[in-house]
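Order-wise, the sequence lines are chains Z and X.
Counting along the first sequence from 1, when you hit position 23 you're at 23 in the numbering used here, and nothing is skipped either side.
Counting along the second sequence from 1, when you hit position 34 you're at 145 in the numbering used here, and nothing is skipped either side.
Structure record follows, encoded as C-alpha cells.
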Amino acid sequence: GENVEQHPSTLSVQEGDSAVIKCTYSDSASNYFPWYKQELGKRPQLIIDIRSNVGEKKDQRIAVTLNKTAKHFSLHITETQPEDSAVYFCAASKGANNLFFGTGTRLTVIP
Amino acid sequence: EAQVTQNPRYLITVTGKKLTVTCSQNMNHEYMSWYRQDPGLGLRQIYYSMNVEVTDKGDVPEGYKVSRKEKRNFPLILESPSPNQTSLYFCASSLAGRAFFGQGTRLTVV
C-alpha cells in the first residue's frame, strides 16, 4: 500500500513568518493530495487539496506544491498567525477515497 | 447542515465487553470510513465502505467489525475490546476524496 512520510514532526515559527511542511509518498499512482488541520480537541478539517494534474494551488495564505517526479508535496503557510497553531496532516490517495495519512506536524506560532 | 455525527464522544469500558460506536452522515455520501488516531502514528484507516453492503479492511482492521446496512450509517463494533484499542476514533464520509470527519470518540479500555 501507500506510505506517506511527513516532516517535521514539530515546527515553531514566529508570528508573521512562513511555515513549510513536507510530505513524500511511495505509490506513483497516487493522484490526490489533501491537507488537514486539526486544532486541539477538534476533528481534522480539510484546508486545501491538489490533484496530480496541477503543480501548485493557492488559497489566501496557504499554498500546496506537488512534484510528481520526486513524489513529494508541501504545504506553505505565509504570514502565520497564532490561530494557525494546530496539527497538520498530509494524505495521499489513488483517486478513490482511500486516504493514507502522514504522521502529522504540530505547528506552533509564537506571538 | 452537512455533518457526520458520532456517538458516544467519550467511552470507558472494560476488557472484553462488546461495544458499538455509531456514525451517521446526512450528505448522501457513498464512501465512509473509520480511523484511529494515536500519538506519533497519525490517522490509520480501520475499515471503509464504498456503498451499502460493501465493506473492506483498511490498514489496522484486527479486533474491529463494521456494517453498512444503510447509506447514512456506518457503525464500528468492538466484539471484545482490549487495552491496545484505547485510542481516539474518527468516522468520516467522503466525496471525490474529500473527507468530512465526525467529532471523534475517545475510547479507553481498562
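Using N, Cα and C, we set each Cβ at its ideal position, and we do this for glycine too.
All values reported here derive from a predicted model rather than from experimental measurement.
- One finds nothing in chain X with a Cβ atom closer than 7 Å to the Cβ of Y88 (chain Z); even the nearest lies about 11 Å away.
- Between V165 (chain X) and W145 (chain X), the C-beta spacing is not below 8 Å.
- Going by DSSP, S160 (chain X) is part of the beta strand (DSSP E) stretching over 153 to 162.
- By the Cβ criterion, the segment 86 to 102 of chain Z is in contact with the segment 34 to 41 of chain Z, since at least three pairs of Cβ atoms, one from each stretch, lie closer than 8 Å.
- Taken through DSSP and simplified to helix, strand or coil, D84 (chain Z) comes out as helix.
- Bounds of the beta strand (DSSP E) holding Q6 (chain Z) are 4 to 7.
- The alpha-carbon separation between A210 (chain X) and K42 (chain Z) amounts to approximately 15 Å.
- When the beta-carbon positions are compared, P192 (chain X) and V132 (chain X) stay at least 8 Å from each other.
- Beta-bridge partners assigned by DSSP to P34 (chain Z): Z:D49.
- When the five nearest sequence neighbours on each side are left out, the beta carbons in the same chain lying within less than 6 Å of the beta carbon of Q136 (chain X) are those of V115, R183, S204, in order along the chain.
- In chain order, G153, L154 make up the part of chain X whose C-beta sits under 7 Å from the C-beta of F101 (chain Z).
- In the structure shown, Q136 (chain X) falls within a strand segment according to DSSP collapsed to helix, strand and coil.
- The beta carbon of I21 (chain Z) sits closer than 6 Å to the beta carbons of L75, Y88, T105 from its chain, once the five residues preceding and following it are set aside; these are given in chain order.
- The C-beta of F185 (chain X) comes no closer than 8 Å to any C-beta of chain Z.
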